Structures are given as structure tokens and as C-alpha cells.
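Asker: Attaching a single structure in C-alpha cells format; questions to follow.
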Amino acid sequence: MVKQAVAIILINYNSSTDTLECVKSIEAHTSPDFDYEMVVVDNNSAIDDFKKIEHLDSHPKIKLIRSKKNLGFGGGHMFGLQFTHADYVLFLNNDCLFLNDVLPKMHAFMQQHPDCGIATAQMHDTDGNWKRCFNYFQTIWIKIFGYKLFQKLWPQKFPSRNKVYTSPLKVDYVMGAFIFVDSKKFAEIGGFDTNLFLYFEEEDISLRMRKLDYSTYLVPQAQYLHHHEHSSPKDRSIIIRELSISQAYLFRKHYSLIENIVFRLFYFVKYFFKGFSKSWYFNMAFFVLRGAPSKKSLFHLQKWAVDE
């Protein structure tokens, strides 16, 4: 098998229109001479939606695979990863569009920066406006005291998220819409943790990269547009529950017992008082206090699909 320079993995979940537009965008902004491949993972969409992208399987640069269960963000990407053979992999939301020759720019940057394990391009919204695309690790102290205090005390360690950058910038972690990784380094950390179903996967991999002295960068020369959260649940209470489950898991995995206790108490108080305006927050407060167990995630509540 010939090794490609870059493999792109897209996940389709009842969003065939976005997937097809994304593929067109990649082709429009990538030279035919550039070595790349695409893997489209259908995360158990409705059969009518899947049929709209079935023709992609005949494309010479695309492999289309279908899961019998919604594997989530990390699980879906890890499923697709086994069908790739490339030096670098781009995990790209299917509601993104390239704005310039993203792949060559990202590929060149990674080759010139051997310390880089993860990188992202500059995000824009649907109106073409610049959007923040990196964040700081979610320590409980940042949760309590806020980002601004840390930005004032340690501006080098906490660069402004609201500034337009023109040069590459080392950051804590990048947004999950666009994650460009060195394949060998990504394999070294074990890939995505599939215990995380929908959120915090990008922070988890950057934490693990940092433990091995690999860095994460923003590369503003490469640019893309993101139609935000097209595939996320529409019910706000479900979003908060999944966020809580993933964040609690992340804290158990990477932080101390004391920090985990403070985390639970912080969100218990926060959600309890929110319950006076929206009653479902009361349930969420006690859910977090109990540890927001992963078994309550949507991932464990769904059933395997039957072949049609």
C-alpha cells in the first residue's frame, strides 16, 4: 500500500449535505498532485441519509465505511483511522469548508516542526469572521477564578484567545472541528480515548501529548470555515449531561482526588442555583455530585443497527 502524505477522516451522522459540501471544498482547494486520501465514516445515520453519500465510495480518493452504531467523535474517528495509511491525519468536522490550500500548508508546518504532535488551522464563521480555535486546559482553578486572572499573571502561558494571530502559536489544545496530527505521535499516545463520546476528546489528546513533550500549535496561515455544531444534540439538557459526563471522566483521568472533589462541588453549586430558572438543572446538579457516571451517556443508551 502506498503511503499518503495526509489522510482526512470525516464523520457523517444524518448530515449528508454537509459531508458532500465538505468533500467538494477539499477537492477545490487541494491540488490533484498532492498526495492525500479521505475516509468518510457514516456513524449509523438513517438509511435515507446514508444513501445520499453512497456514491462517494466510487471516488478514487475516498473510502466510505458505515458503522452499525453511533460511535461518537473519538470512536468514529478511531474506526476510520484503521483504513488510513498516511504520515499525517486530519480529523475534520464534516460541517467545515476549506478557505485556502489547507493541506499543503499544514503538511509543511508539521514537517518543519518535529516537536508538533497536534495542530489546527484558523477558524472562521459562516460570515467569514475570525473565530477562536484554541483553549486552555480546564483546571478547576481556572474554573473558579476565571481565565482573565491567569492571562494577566502569566500572559506567555495563557495567550489571548481573542487576538488575531499571523504567526504560528503554541497553545494548550485546539477545537475539535479541525485536528491535524502526526500519525506516529498519535499512535504513541494511543489515539482518541473512546470512553469520551462527544466532548473533551481534543483536550484529552493534548494533555497526553504534553506528557510526552509534544506540542500543540495554531497555524493561522491555513484557514477554514465552520458551521458550528450541526451534529450536536438539539436538547440543551442532553448537551449539558454529555458535557458533564465527559468532563468528569477527563478530571478523573488527569487530575488529583482533591481537584475532582472541588470539581464536583463547583458544578453542584453552579447547576443547583441555575435550577431556580430551569428546573432540570436541579437533576443535573445531583448527577454531577454523584460523579456523572459514563454509563449514563447516550452512547450506552443506543442500540445496534440491524442491516437493511
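Numbering follows the working numbering, with no gaps: position 107 of the sequence shown is 96.
Idealized CB from N, CA, C, for every residue including glycine.
This structure is a prediction, so every number in the text was calculated from the model and none was measured.
1. Tell me where the alpha helix (DSSP H) around Phe62 begins and ends.
2. Using only alpha-carbon positions, find the residue among Gly64, Tyr25, Val160 that is nearest to Asp104.
3. Of all the alpha helix (DSSP H) runs that stay within the bounds of the stretch 102 to 148, which reach a length of 4 or more residues?
4. Could you pull out every residue in the same chain whose Cβ sits closer than 7 angstroms to the Cβ of Ser172, ignoring the five residues on either side in sequence?
5. Please classify Lys141 as buried or exposed, where buried requires at least 16 neighbouring CB atoms within 10 angstroms.
6. In the DSSP output, which residue or residues are listed as bridge partners for Ser51?
7. In chain order, what residues of the same chain have a beta carbon less than 6 angstroms from the beta carbon of Leu196, not counting five sequence neighbours either side?
8. At 4 residues or longer, what runs of the alpha helix (DSSP H) sit wholly inside the stretch 223 to 257?
9. Under a three-way DSSP split, which group does Asn272 fall into?
10. Please classify Ala274 as buried or exposed, where buried requires at least 16 neighbouring CB atoms within 10 angstroms.
11. Tell me whether the stretch 48 to 56 and the stretch 174 to 186 touch, counting them as touching only if at least three CB pairs, one residue from each stretch, are closer than 8 angstroms.
12. Would Ser226 pass as a contact of Leu187 if the rule is Cβ separation under 8 angstroms?
13. Is it true that the CB of Phe123 sits closer than 8 angstroms to the CB of Met164?
14. Let me confirm a value: Arg121 is counted as buried when at least 16 other C-beta atoms fall within 10 Å, else exposed. Which label applies?
15. If Asp193 sits next to Leu185, beta carbons under 8 angstroms apart, how far is it from one beta carbon to the other, in whole angstroms?
16. Decide if the stretch 11 to 30 is in contact with the stretch 82 to 100; the criterion is three or more beta carbon pairs, one per stretch, under 8 angstroms apart.
17. Can you tell which of Val258, Gly69, Ile(-3), Lys41 has its C-alpha closest to the C-alpha of Ser14?
18. Shortest alpha-carbon distance to Gln71 belongs to which of Asn89, Arg150, Phe181?
19. Report the option in Ile0, His48, Thr6 whose CA atom is closest to the CA atom of Val29.
20. Please go through the same chain and pick out, in chain order, the residues whose beta-carbon is closer than 7 angstroms to the beta-carbon of Lys41, but skip the five residues on each side of it.
21. I need the boundaries of the alpha helix (DSSP H) containing Ile15, first residue and last residue.
22. Please name the residue in Glu10, Tyr2, Thr19 whose C-alpha comes closest to that of Ala298.
23. Could you tell me whether the Cβ atoms of Leu214 and Leu86 are closer together than 8 angstroms?
24. Can you tell me whether DSSP reads His44 as helix, strand or coil?
25. Is it buried or exposed, Val153, if we count other Cβ atoms within 10 angstroms and call 16 or more buried?
26. Provide the residue(s) that pair with Asn1 in DSSP beta bridges, ordered along the chain.
27. Which residues in the same chain have their Cβ closer than 7 angstroms to the Cβ of Thr8, if we skip the five residues on either side of it in sequence?
28. Going by CA-CA distance only, name the one from Val91, Phe39, Ser34, Ile133 that's closest to Leu60.
29. Could you please give the first and the last residue of the uninterrupted beta strand (DSSP E) stretch that includes Ala166?
30. Please name the residue or residues paired with Ser204 in a DSSP beta bridge.
31. Using only alpha-carbon positions, find the residue among His217, Ser233, Phe255, Arg241 that is nearest to Asp116.
32. Would you mind stating whether Ala119 and Gln111 have Cβ atoms separated by less than 8 angstroms?
Answerer: According to the structure shown:
1. In the sequence shown, residue 62 corresponds to position 73, counting from 1. According to the DSSP assignment, Phe62 belongs to the alpha helix (DSSP H) that extends over 61 to 70.
2. Against the sequence shown, residue 104 aligns to sequence position 115. Out of Gly64, Tyr25, Val160, Val160 has the C-alpha closest to the C-alpha of Asp104.
3. Residue ranges of uninterrupted alpha helix (DSSP H) with 4 or more members, entirely inside the stretch 102 to 148 and ordered along the chain, are 129 to 134, 136 to 142.
4. As a position in the sequence shown, residue 172 is number 183, starting the count at 1. Closer than 7 angstroms at Cβ, skipping near neighbours: Ala75, Asp76, Tyr77, Val78.
5. Position 152 of the sequence shown, counting from 1, holds the residue named residue 141. By the neighbour-count rule (16 or more Cβ atoms within 10 Å), Lys141 is not buried but exposed.
6. Here the question's residue 51 lines up with position 62 in the sequence shown. The sequence shown places Ile at residue 51, not Ser. The partner list for Ile51 (beta bridge, DSSP) reads Met27.
7. For the purposes of this step, residue 196 is taken as the residue at position 207 of the sequence shown. Closer than 6 angstroms at Cβ, skipping near neighbours: His243.
8. The stretch 223 to 257 contains these whole alpha helix (DSSP H) runs: 225 to 243.
9. Numbered from its first residue, the sequence shown carries residue 272 at position 283. Asn272 falls in the helix class under three-state DSSP.
10. For the purposes of this step, residue 274 is taken as residue 285 along the sequence shown, with counting starting at 1. Buried is the call here.
11. Under the 8 angstroms Cβ criterion, the stretch 48 to 56 does not count as touching the stretch 174 to 186, having fewer than three qualifying pairs.
12. Taking the sequence shown and counting its residues from 1, one reaches residue 226 at position 237. Taking the sequence shown and counting its residues from 1, one reaches residue 187 at position 198. No, the Cβ-Cβ distance between Ser226 and Leu187 is not below 8 angstroms.
13. Locating residue 164 in the sequence shown gives position 175, counting from the first residue. Locating residue 123 in the sequence shown gives position 134, counting from the first residue. Against a cut-off of 8 angstroms, the Cβ pair of Phe123 and Met164 comes out as a contact.
14. Here the question's residue 121 lines up with position 132 in the sequence shown. By the neighbour-count definition (other C-beta atoms within 10 Å, threshold 16), Arg121 is an exposed residue.
15. In the sequence shown, counting from the first residue as 1, residue 193 sits at position 204. In the sequence shown, counting from the first residue as 1, residue 185 sits at position 196. The Cβ separation is near 6 angstroms, so the contact holds.
16. Three or more beta-carbon pairs separated by less than 8 angstroms link the stretch 11 to 30 to the stretch 82 to 100, which places the two stretches in contact.
17. One-based indexing of the sequence shown puts residue 14 at position 25. Selected option, being the one with the closest Cα: Ile(-3).
18. The residue you call residue 71 lines up with position 82 of the sequence shown. Closest by alpha carbon: Phe181.
19. Within the sequence shown, residue 29 is the residue found at index 40, counting from 1. That would be Ile0, whose Cα lies nearest to the Cα of Val29.
20. By one-based count along the sequence shown, residue 41 stands at place 52. Excluding sequence neighbours, Lys41 sits near Ser5.
21. Mapped onto the sequence shown, residue 15 falls at position 26. Looking at the DSSP string, the run of the alpha helix (DSSP H) that includes Ile15 is 5 to 17.
22. Shown here, the chain extends from -10 to 297; a query on residue 298 therefore has no answer.
23. Working through the sequence shown from its first residue, we reach residue 214 at position 225. Working through the sequence shown from its first residue, we reach residue 86 at position 97. Yes; because the gap between Cβ atoms is below 8 angstroms, this pair is in contact.
24. Counting from one through the sequence shown, the residue named residue 44 turns up at place 55. When DSSP states are grouped into helix, strand and coil, His44 belongs to the helix group.
25. For the purposes of this step, residue 153 is taken as the residue at position 164 of the sequence shown. By the 10 Å Cβ count, Val153 comes out exposed.
26. Reading the sequence shown from its first residue, position 12 is the one you call residue 1. Listed as beta-bridge partners of Asn1 by DSSP are Asp31.
27. Locating residue 8 in the sequence shown gives position 19, where the first residue counts as 1. Residues Leu(-1), Asn1, Val29, Ile42, Asn83 of the same chain have their beta carbon placed closer than 7 angstroms to that of Thr8, with the five preceding and five following residues left out of the count.
28. Locating residue 60 in the sequence shown gives position 71, where the first residue counts as 1. The candidate whose alpha carbon is nearest that of Leu60 is Ser34.
29. Taking the sequence shown and counting its residues from 1, one reaches residue 166 at position 177. Per DSSP, Ala166 belongs to no beta strand (DSSP E) and is neither H nor E.
30. Numbered from 1 along the sequence shown, position 215 holds the residue referred to as residue 204. In the DSSP output, where bridge partners are listed per residue, Ser204 has Cys105.
31. Start at 1 with the first residue of the sequence shown, and residue 116 comes out as number 127. In terms of Cα proximity to Asp116, the closest of His217, Ser233, Phe255, Arg241 is His217.
32. On the sequence shown, residue 119 is found 130 positions in, with the first residue counted as 1. On the sequence shown, residue 111 is found 122 positions in, with the first residue counted as 1. According to the sequence provided, residue 119 is Trp. The question's Ala does not apply to it. Cβ distance < 8 angstroms, so Trp119 and Gln111 count as in contact.
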